[in-house]
Each structure stands twice: as C-alpha cells, then as structure tokens.
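K.L.:
Sending over a structure as structure tokens; questions will come in a sec.
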Amino acid sequence: MNNFCFIDIGANLTDPVFQGIYHGKSYHLPDISDIIERARLNGLKKIIITCGCLQDCIDALELCKIHDPDCKFLYITVGVHPTRAQELTCKNTNNCKDSFCDCANKYLDKLKQIIISNRNRVVALGEFGLDSDRTQFCPIEIQIKYFEFQLSLLENFKLPLFLHIRGDSECVLKVTYILQKYRHLWIEKGAVAHSFTGTKQDLDSLLNIGLDIGINGCSLKTQHNLELLKYIPLDRLHIETDSPWCEIKPTHASFPLVKTHFHQVQKPAKWTKSHLVKGRNEPVKIIQVAEVIFSIIQPSISFDLFVIQIYENTLKRYFS
C-alpha cells in the first residue's frame, strides 16, 4: 500500500484475461474485482477504461456499474480503434449513400447515445487514430476515412481526445495533418497521444500541434525511448499501463530503473487472488512507469511532487 495519487489514463479492463480467459481458454476465476481493489490500495484514484468499439463501450459501462456504481473511480472512452474501423462500414456496399455508409451513421448514432446517457462516465473520445503497423486488420485508407468521421463527434460533445498513433513518421504526419484540419474542434479540450513510441521528430510534431503525451511500458523499451522522455514538458505528461499489455519487461532498457515489484505467478493456471499473473499487466503497475520516468528526467522535485504533477495534468485534461 502507498499514499501516492495515480490516474491510469488507459487500461483495457474489458479484455478476457481479466475474466480468467487466455487465448480463448479459461484458466481461473474472473478476478477483475481483485484487480480493481489492488489498484485502489496502491494509489490509483481513477482508471480510464479504453474502448475500441461499440461492444467495448457496452461492456465497460457494465463493468463500471458493478464495480463503481457511485462513479468515483472508473471512467471510459468512446470511439472505434483504427484496427477496428471496418466495423463502421456496411457489409453490403449497395447500402452506401453519399461519401459515407448509412451503416457508419447508425454506428455513430449509437456511440452518441452512449455518451449522452453516461455523461458522468465518459471522459474522452477514443481510442481512435491511425495504425500503419497493423494494416492487415484494416487498410490505412479506411482508417483515415473513419478517423475523420469520428472527429465529427466533437461537433456535439466537448470532450478531450485519447489518440492511437502507431507506425512510422509518415503515419504521424497523416495524423497531425488531420488534427490540424480539425484543430478548431479539439484544441480547447485537448488531446493525448497514448502509448508514445516514436522518434524525436514524431514527438516534436505531436507537441507542436498541441498534444499531450501518454507513456506506458511500451514507451520505455529501448535506451532511445528513455532519452526522449527528457524532451516531454512535465506539464504535458500522462502515465498509463495499457493493461493487460505494455508492461515493463526484464528485457526492456527501463527494467533496472523499476523500484517497486509485485509477487506474481508464472502461469495463469497457477493463479491466486493475491498474486499478479506474469505477462498480464495491471493498473497497479502504474507506479513502475512513474519510477522509470522520474529516474530518467530527474526533475528538481521529489518523487512525491512529481507524481502529484502528473496526477494534476490528467485531472486538468480529462476531469476538468
């Protein structure tokens, strides 16, 4: 237990592994309640559950209803992940009208209704953006089309963005071009580039357009990644786990800088309520991300004040 204040800006708590299901096979009882309680006991004040499709939103809201009925701890994003953008397309192209399918408009209407009905729970639009590394799931042209399409939600809802930007520098340039085009819609509430893993040029492009930066274990793999932390303004930094993915692994350059470790079982089949599962990241590990960043940038403040600064950054961006 610690006395820190953390907000995990990105956790995929609807993933089946938190129900004890790995690769389609059940290994242990659902333990999402244990994971949430473990997070609470270790300084987590809020968790934003990232949603990448309509069903994710529905599942996340049900999870919130069960585990946080007073709406003081669990919150969600609403949007369609770039690798799932084809969910917005019509199966029968003959149904298409104008430049967008009627199916896409109906899908968007359902997302709008979720936001309207859950204004106290929805804190961001996303997770959407572009992913040029995984076009096998969705062609980049479709990703671009529906990234712009989803930005139209900003015409109805003044919410900050939670952005997925994965790929080469050309992908980053495409994102910044689109964001510049719609800048008047999002700049007031702002946006965060979640799970940043790019180059110095990419970082400069995102910062220059006005984005904040989200850092998790995937952002801390290499020595080059660590060096880039020094160029992120402290008041534009947010931390996340991207659970159940993006943990800091022993092979990462950042691992020696981690001070806080947790007891874990080696395999899901060995699960117990009091242990983490190796390879399954959890919000409780947010402290490890903070420890690494603090060690690298060495701000002229204590670790406690550093954590408070990041906490206040996220309060300002997503909870003001």
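Quick note on numbering: the sequence shown equals residues 1 to 320 in UniProt numbering.
Every residue gets a Cβ at the ideal spot worked out from N, C-alpha and C, and that includes glycine.
1. Gln-264 bridges to which residues according to DSSP?
2. Could you tell me which residues DSSP puts in a beta bridge with Ala-191?
3. Would you mind working out which of Trp-271, Leu-220, Tyr-22 sits nearest Glu-247, comparing C-alpha positions?
4. Using the Cα positions of Ile-115 and Lys-189, report the straight-line distance between them to the nearest angstrom.
5. How should residue 323 be labelled, buried or exposed, when 16 other C-beta atoms within 10 angstroms of its C-beta is the threshold for buried?
6. What residue does the beta strand (DSSP E) around Glu-62 start on, and which one ends it?
7. Let me confirm a value: Phe-147 is counted as buried when at least 16 other C-beta atoms fall within 10 Å, else exposed. Which label applies?
8. Do you know whose CA, among Pro-16, Leu-88, Ile-35, Ile-36, lies nearest Tyr-27's CA?
9. Would you kindly check if the distance between the Cβ of Cys-138 and the Cβ of Thr-197 is under 8 Å?
10. On the three-state DSSP scale, how would you describe Ile-115?
11. So the beta strand (DSSP E) Ile-76 belongs to, where does it begin and stop?
12. Count the other CB atoms, across all protein chains shown, that sit within 10 Å of the CB of Glu-282; report buried if there are 16 or more and exposed otherwise.
13. Of the choices Gly-214, Tyr-182, Asp-131, whose alpha-carbon is the least far from that of Leu-153?
P.N.:
Put simply:
1. In the sequence shown, counting from the first residue as 1, residue 264 sits at position 264. Bridge partners of Gln-264: Leu-276.
2. Taking the first residue of the sequence shown as position 1, residue 191 is located at position 191. Partner(s): Leu-161.
3. Here residue 247 corresponds to residue number 247 of the sequence shown, with the count starting at 1. Cα-wise, what sits closest to Glu-247 is Leu-220.
4. For the purposes of this step, residue 115 is taken as residue 115 along the sequence shown, with counting starting at 1. For the purposes of this step, residue 189 is taken as residue 189 along the sequence shown, with counting starting at 1. Taking the straight line joining both Cα atoms gives about 16 Å.
5. Past the edges of the chain, shown from 1 to 320, lies residue 323, and the structure says nothing about it.
6. Stepping through the sequence shown from its first residue, residue 62 is reached at position 62. Where Glu-62 is concerned, there is no enclosing beta strand (DSSP E), although the alpha helix (DSSP H) it sits in stretches over 54 to 67.
7. Indexing the sequence shown from 1 puts residue 147 at position 147. Phe-147 comes out buried.
8. Position 27 of the sequence shown, counted from the start, is the residue given in the question as residue 27. For Tyr-27, the nearest C-alpha among the options comes from Pro-16.
9. As a first step, residue 197 is located in the sequence shown; it is residue number 197 there, counting from the start. As a first step, residue 138 is located in the sequence shown; it is residue number 138 there, counting from the start. Result no, Cβ atoms of Thr-197 and Cys-138 do not sit closer than 8 Å.
10. For the purposes of this step, residue 115 is identified with residue 115 of the sequence shown, where counting begins at 1. Ile-115 falls in the helix class under three-state DSSP.
11. The residue you call residue 76 lines up with position 76 of the sequence shown. Per DSSP, Ile-76 belongs to the beta strand (DSSP E) from 74 to 78.
12. Sequence index remark: in the sequence shown, residue 282 carries index 282 (1-based). By the neighbour-count rule (16 or more Cβ atoms within 10 Å), Glu-282 is buried.
13. Along the sequence shown, one-based indexing puts residue 153 at 153. Looking at the Cα atoms, Tyr-182 is the closest of the given residues.
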